[in-house]
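Engineer: Residue 283 in UniProt numbering is what sits at position 283 of the sequence shown, and the numbering runs on without skipping anything. Supplied in structure tokens, the structure appears directly below.
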Amino acid sequence: MAQREGLGPRGLAAVATLISLGLFQNGMGAKGDAVSCGIVPQAQGRITGGSNSDPGQWPWQVSINYNGEHVCGGSLVSDQWVLSAAHCFPRDHSTSAYEVKLGAHQLDSFSSSMTVRTVAQVISHPSYLQEGSEGDIALLQLSSPVTFSRYIWPICLPAANASFPNGLQCTVTGWGHVAPSVSLQRPRTLQQLEVPLISRETCNCLYNIDANPDEPHFIQQDMLCAGYVKGGKDACQGDSGGPLSCPAGGHWYLAGIVSWGDACGAPNRPGVYTLTSTYASWIQHNVAELQPQVVPHIGESEPDSDLCSNYGALNAAPAWGLARPILLLPLGLTLGLLRPRLEH
1 MAQREGLGPR
11 GLAAVATLIS
21 LGLFQNGMGA
31 KGDAVSCGIV
41 PQAQGRITGG
51 SNSDPGQWPW
61 QVSINYNGEH
71 VCGGSLVSDQ
81 WVLSAAHCFP
91 RDHSTSAYEV
101 KLGAHQLDSF
111 SSSMTVRTVA
121 QVISHPSYLQ
131 EGSEGDIALL
141 QLSSPVTFSR
151 YIWPICLPAA
161 NASFPNGLQC
171 TVTGWGHVAP
181 SVSLQRPRTL
191 QQLEVPLISR
201 ETCNCLYNID
211 ANPDEPHFIQ
221 QDMLCAGYVK
231 GGKDACQGDS
241 GGPLSCPAGG
251 HWYLAGIVSW
261 GDACGAPNRP
271 GVYTLTSTYA
281 SWIQHNVAEL
291 QPQVVPHIGE
301 SEPDSDLCSN
311 YGALNAAPAW
321 GLARPILLLP
331 LGLTLGLLRP
341 RLEH
């Protein structure tokens, strides 16, 4: 697979023009297209804290609903497939009760840009067993293909050899809680938060500061960490399954999938994501037309072990945040407890 160059300002402008004219709607269909995926046809500034996003700013973000209620996020990766977290789809839940909202910005407001699809099938990774385990990834096939627009656009899938360096500023998005048990206020505008990547070794170190020795936390090979040692900014319940989008070469890549964390926003407890590139082969095995892309070289990782040694003893996580791993049910970009980040 040949490496593609980023589009640059003129290329982005051209894409935006084609979209506005309706001539670039199928830029990435089932076959995938490295040139068109992960393109946001509008200017963006840097994000320094959790904030409201603009309409169309993260056009691959979807809302996954169960029995009419938002439960998780997900990422559009082609015109008929979405990636999310396996823990969002308990085995006793009926596939027919799920639906996906695409092009949504405010969940409580109607918008002509929004499209809804039911779910034809859910393919969860067979290695996923329980919260905090490996394999927290799932493929969703939509009932019918969607038409791309400035509000509905796929993100790029990274190839198995993708490398995102420590410290890279990526963005997590979702409609989850904004503090433990505090829901996002109506009209529930899509939230965005810029977070730096943290090495697996340092993340392991941080998660075992003041941890219960009978319940050690282990960041596995298929996991990626991002966040702040001092806490205060994080994904949360209701954001599970949503994207951790990282920029490279003029495109955005689905580097991670919101999976779990320990007390949203607590010191020494960065968010934990499924490392998407680990499952590039599994994705292609199940959906042959999906083509993970070579990620342009971004830079080398710098050692970040000082993040744990410098702050660990001073910023021990509070006892209330030391529960078992909490899957991040639908995300709430600020605070929440160690378990899957699902919406309740």
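Ideal Cβ placement from N, Cα and C applies to all residues, glycine included.
Between which two residues does the alpha helix (DSSP H) containing ALA280 stretch?
Structural biologist: Taking the sequence shown and counting its residues from 1, the one referred to as residue 280 is at position 280. From DSSP, the alpha helix (DSSP H) with ALA280 extends over 280 to 286.
Engineer: Looking at C-beta atoms only, is the number of pairs between the stretch 185 to 198 and the stretch 258 to 268 that lie closer than 8 Å three or more?
Structural biologist: No, because fewer than three Cβ pairs between the stretch 185 to 198 and the stretch 258 to 268 fall closer than 8 Å, the two stretches do not touch.
Engineer: Grouping DSSP H, G and I as helix and E and B as strand, with all else coil, what is GLU131?
Structural biologist: As a working note, residue 131 is residue 131 in the sequence shown. In this structure, GLU131 counts as coil in the three-state DSSP scheme.
Engineer: Take every Cβ of the stretch 178 to 194, pair it with every Cβ of the stretch 95 to 109, and state whether three or more of those distances are shorter than 8 Å.
Structural biologist: Verdict: yes, contact present.
Engineer: Is DSSP giving TRP320 helix, strand or coil here?
Structural biologist: Against the sequence shown, residue 320 aligns to sequence position 320. In this prediction, TRP320 scores a pLDDT of 32, lower than 50, which makes its location untrustworthy; no coordinate-derived value is stated.
Engineer: Rounded to whole angstroms, what's the CA-CA distance from GLY231 to ILE209? Just pull it up for me.
Structural biologist: Your numbering for residue 231 matches position 231 in the sequence shown. Your numbering for residue 209 matches position 209 in the sequence shown. Their Cα atoms are separated by approximately 14 Å.
Engineer: In terms of residue numbering, what span does the alpha helix (DSSP H) encompassing THR202 cover?
Structural biologist: Position 202 of the sequence shown, counting from 1, holds the residue named residue 202. Start and end: 200 to 207.
Engineer: Taking the continuous beta strand (DSSP E) assigned at ILE298, which residues delimit it?
Structural biologist: Residue numbering aside, residue 298 sits at position 298 when the sequence shown is read from its first letter. Neither: ILE298 is in no beta strand (DSSP E) and is coded neither H nor E.
Engineer: Does the beta-carbon distance from GLY132 to HIS125 come in below 7 Å?
Structural biologist: By one-based count along the sequence shown, residue 132 stands at place 132. By one-based count along the sequence shown, residue 125 stands at place 125. Result no, Cβ atoms of GLY132 and HIS125 do not sit closer than 7 Å.
Engineer: Using a Cβ-Cβ cut-off of 6 Å (strictly less than) and excluding sequence neighbours within five positions of CYS88, which residues of its own chain qualify?
Structural biologist: Taking the first residue of the sequence shown as 1, we reach residue 88 at position 88. Cβ neighbours of CYS88 beyond the five flanking positions: CYS72, SER240, GLY241.
Engineer: Leaving aside the five residues before and after VAL122 along the sequence, list all residues of the same chain whose C-beta is less than 7 Å from its C-beta, in chain order.
Structural biologist: Position 122 of the sequence shown, counted from the start, is the residue given in the question as residue 122. Cβ within range, chain order: PHE89, THR95, ALA138, LEU140.
Engineer: For the beta strand (DSSP E) containing LYS101, list its first residue and its last residue.
Structural biologist: In the sequence shown, the residue the question calls residue 101 occupies position 101. Element bounds for LYS101: 98 to 102.
Engineer: With VAL100 and VAL82 assumed to form a contact (beta carbons below 8 Å), what rounded beta-carbon distance in angstroms separates them?
Structural biologist: In the sequence shown, counting from the first residue as 1, residue 100 sits at position 100. In the sequence shown, counting from the first residue as 1, residue 82 sits at position 82. Yes, VAL100 and VAL82 are in contact; Cβ-Cβ is about 6 Å, under 8 Å.
Engineer: Count the other C-beta atoms from every protein chain shown that fall within 10 angstroms of the C-beta of ASP222, then say buried if there are 16 or more, exposed otherwise.
Structural biologist: Taking the first residue of the sequence shown as position 1, residue 222 is located at position 222. Burial call: buried.
Engineer: So does the stretch 52 to 70 actually touch the stretch 267 to 277, counting three or more Cβ pairs closer than 8 Å?
Structural biologist: At 8 Å Cβ cutoff, the stretches do not touch.
Engineer: Tell me the residue span of the beta strand (DSSP E) that contains TYR66.
Structural biologist: Numbered from 1 along the sequence shown, position 66 holds the residue referred to as residue 66. Here the beta strand (DSSP E) through TYR66 covers 61 to 66.
Engineer: Which class does ALA86 belong to by DSSP, given the choice of helix, strand or coil?
Structural biologist: As a working note, residue 86 is residue 86 in the sequence shown. ALA86: helix per DSSP, three-state reduction.
Engineer: Leaving out the 5 sequence neighbours to the left and right, which residues in its chain are closer than 6 Å to ASP234 when beta-carbon positions are compared?
Structural biologist: Along the sequence shown, one-based indexing puts residue 234 at 234. Around ASP234: GLY227, CYS264, GLY265, GLY271.
Engineer: Which of helix, strand or coil does DSSP assign to HIS105?
Structural biologist: As a working mapping, residue 105 is identified with position 105 in the sequence shown. Of the three classes helix, strand and coil, the one that applies to HIS105 here is coil, per DSSP.
Engineer: Name the one or two DSSP bridge partners that TRP175 has.
Structural biologist: Walking along the sequence shown from the start, residue 175 turns up at place 175. Answer is none; TRP175 lacks a bridge partner.
Engineer: Distance check for GLN169 and GLY238, CA to CA, integer angstroms please.
Structural biologist: Looking up residue 238 in the sequence shown gives position 238. Looking up residue 169 in the sequence shown gives position 169. For GLY238 and GLN169, the distance between alpha carbons rounds to 22 Å.
Engineer: Give me the DSSP bridge partner(s) of ARG117.
Structural biologist: Sequence index remark: in the sequence shown, residue 117 carries index 117 (1-based). Answer by DSSP bridge pairing, in chain order: VAL100.
Engineer: Applying the 10 Å Cβ sphere with the 16-neighbour rule, what's the burial state of LEU129?
Structural biologist: Within the sequence shown, the letter at position 129 stands for residue 129. By the neighbour-count rule (16 or more Cβ atoms within 10 Å), LEU129 is not buried but exposed.
Engineer: Which word fits ASN161, buried or exposed, when buried means at least 16 other C-beta atoms lie within 10 angstroms of its C-beta?
Structural biologist: Here residue 161 refers to the residue found at position 161 of the sequence shown. Per the 10 Å Cβ criterion, exposed.
Engineer: From GLN80 to SER309, what distance separates their C-alpha atoms?
Structural biologist: If you number the sequence shown from 1, residue 80 lands on position 80. If you number the sequence shown from 1, residue 309 lands on position 309. When rounded, the distance between both Cα atoms is 45 Å.
Engineer: Using a Cβ-Cβ cutoff of less than 6 Å, which residues in the same chain neighbour ILE152 once the five nearest sequence positions on both sides are dropped?
Structural biologist: If you number the sequence shown from 1, residue 152 lands on position 152. So the list reads PRO59, LEU102, GLY103, VAL146, once near-sequence residues are dropped.
Engineer: On the CB-based measure, 16 or more other CB atoms within 10 Å of its CB, does SER63 come out buried or exposed?
Structural biologist: As a first step, residue 63 must be located in the sequence shown, where it is residue number 63. With 16 or more other Cβ atoms within 10 Å, it is buried.
Engineer: Mapping DSSP to helix, strand and coil, what is THR276?
Structural biologist: Indexing the sequence shown from 1 puts residue 276 at position 276. Looking at THR276 - three-state DSSP - the assignment turns out to be helix.
Engineer: Among all the DSSP beta bridges, which residues are the ones paired with GLY74?
Structural biologist: On the sequence shown, residue 74 is found 74 positions in, with the first residue counted as 1. Beta-bridge pairing links GLY74 to VAL62.
Engineer: How many angstroms separate the CA atom of PRO154 from the CA atom of SER75?
Structural biologist: Indexing the sequence shown from 1 puts residue 154 at position 154. Indexing the sequence shown from 1 puts residue 75 at position 75. Answer to the nearest angstrom: the Cα atoms are 7 Å apart.
Engineer: If you measure from the CB of ASP214, is any heavy atom of the ligand COA nearer than 6 Å?
Structural biologist: Although the ligand COA was asked about, the structure shown includes no ligands whatsoever.
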